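**Q**
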Amino acid sequence: MTAIQHISTRRRIKDRFVQGLVYLAFAMAVVPLVSVLWLVISNGAARFDMEFLTHSMRGIGARDAGGGAYHAIIGTLEQVLLASLISVPIGLLTAIYLVEYGNGGRLSRSISFFVDVMTGIPSVVSGLFIFAFWILVLGFQFSGWAGALALSILMMPTVVRSAEEMLRLVPTDLREASYALGVAKWRTIMKVVLPTALTGIITGVMLAVARVAGETAPLLLTVFFTNSINNDPFTGPQMGLPLYVFDQAARPNDTAIDRAWTGALTLILIVMLLNLVARLIAWWRSPARGR
């Protein structure tokens, strides 16, 4: 009995020790995040007002107070939306092929290889590619659409990998039950597999959106700078929030630095709001909710 109690005590000590390591690792991961959020909120809250959200920088000098980021907010929303419209369907269809139709063939292995390569591509390389091909070779001008093309290159591998993992987690029994009822494979994918994996797929899409929403390097080469409002992403330079923060932070005066902090705060809030909307959509469309 004493030996059993001794073993049990040792197990409890080991369990507490490992549990403490887990909590320590969690704290080490959260502290930098909390410190960044606190720094951005404390420095950006002062200029976060209606003027900042509804005015552009047109007619505002480098040292002038006032001005806002309305033109940059519009640009970021349009560029990220266009990039999502390009990358999400392509990425989801690619993941469906790899999981449901690839069967480990040569084509599926080649696709997986190139997706892995694209995952490690630096963001500036996607911007250089669009700049060289879309602007220099084809002769199109700087625009929000060119920036969206560059961002979509960065989004696609994240969407493919996250969707692929979620589709693989769907139990094979669900597919076999559908096939046993005589349901076609494509209909099984649409009605059984995708709804079951929807929550995870949406989470993966939002991770991809969060990654590209703050990218500056691709936009520097494809969108260019403007202080005016441009609601048309297909014509002329269009500002984005990452570009706005980069531009204002480079100016040597306090008013511009304050605008840069507020632009960073606005970008964080937009990403958080998009994540909240995605979570609500995933909850609304969840199969478990209909039971």
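If you read the sequence shown in UniProt numbering, its first letter stands for residue 1, the second for the next number, and so on.
Positions of the beta carbon are idealized from the N, C-alpha and C atoms, including for glycine.
Fair warning: this is a prediction, and the values are worked out from it, not measured in the lab.
1) Grouping DSSP H, G and I as helix and E and B as strand, with all else coil, what is Gln79?
2) Considering Arg175, what are the terminal residues of the alpha helix (DSSP H) in which it resides?
3) Give a yes or no on whether the C-beta atoms belonging to Arg187 and Thr119 are separated by under 8 Å.
4) Have a look at Arg47 and Gly105 and give me their C-alpha separation to the nearest angstrom.
5) Considering only the alpha carbon of each residue, which of Tyr101, Thr266, Ile189 lies closest to Tyr244?
6) Whole alpha helix (DSSP H) runs in the segment 94-155 with 4 or more residues, listed along the chain?
7) Just how far apart, CA to CA, sit Gly182 and Ile189?
8) How long is the line joining the alpha carbons of Leu151 and Leu269, rounded to whole angstroms?
9) Would Arg291 be called buried (16 or more neighbouring beta carbons within 10 Å of its own) or exposed?
10) State the Cα-Cα distance for the pair Phe131 and Ile74, rounded to the nearest angstrom.
11) For Val88, which residues in the same chain have their Cβ closer than 7 Å to its Cβ, ignoring the five residues on either side in sequence?
12) DSSP three-state call for residue 298: helix, strand or coil?
13) Hey, out of Asn253, Gln19, Thr76, Pro32, whose CA is closest to Ala264's CA?
14) Return the CA-CA distance between Glu51 and Gly144, expressed in angstroms with no decimal places.
15) Is the segment 113-127 close to the segment 172-179, with three or more CB pairs under 8 Å?
16) Would you mind working out which of Ile86, Ile281, Asp254, Ala278 sits nearest Gly61, comparing C-alpha positions?
17) Please classify Ala28 as buried or exposed, where buried requires at least 16 neighbouring CB atoms within 10 angstroms.
18) Answer yes if the segment 190-204 comes into contact with the segment 163-173, meaning at least three C-beta pairs across the two stretches below 8 Å, and no otherwise.
19) Just to confirm before moving on: does the CB-CB distance between Val36 and Gly147 stay below 8 Å?
**A** The answer reads as follows:
1) helix
2) 172-180
3) no
4) 56 Å
5) Thr266
6) 106-119, 123-130
7) 13 Å
8) 20 Å
9) Note that Arg291 scores 48 on pLDDT, short of 50, meaning its location in the model is unreliable; the coordinates nonetheless yield the value given after this. Exposed, because fewer than 16 other Cβ atoms sit within 10 Å of the Cβ of Arg291.
10) 22 Å
11) Val159, Val205
12) As displayed, the chain neither begins before 1 nor continues past 291, which places residue 298 out of reach and without an answer.
13) Thr76
14) 24 Å
15) no
16) Asp254
17) Reading the sequence as shown, one finds Met at residue 28 and not Ala. With fewer than 16 other Cβ atoms within 10 Å, it is exposed.
18) yes
19) no
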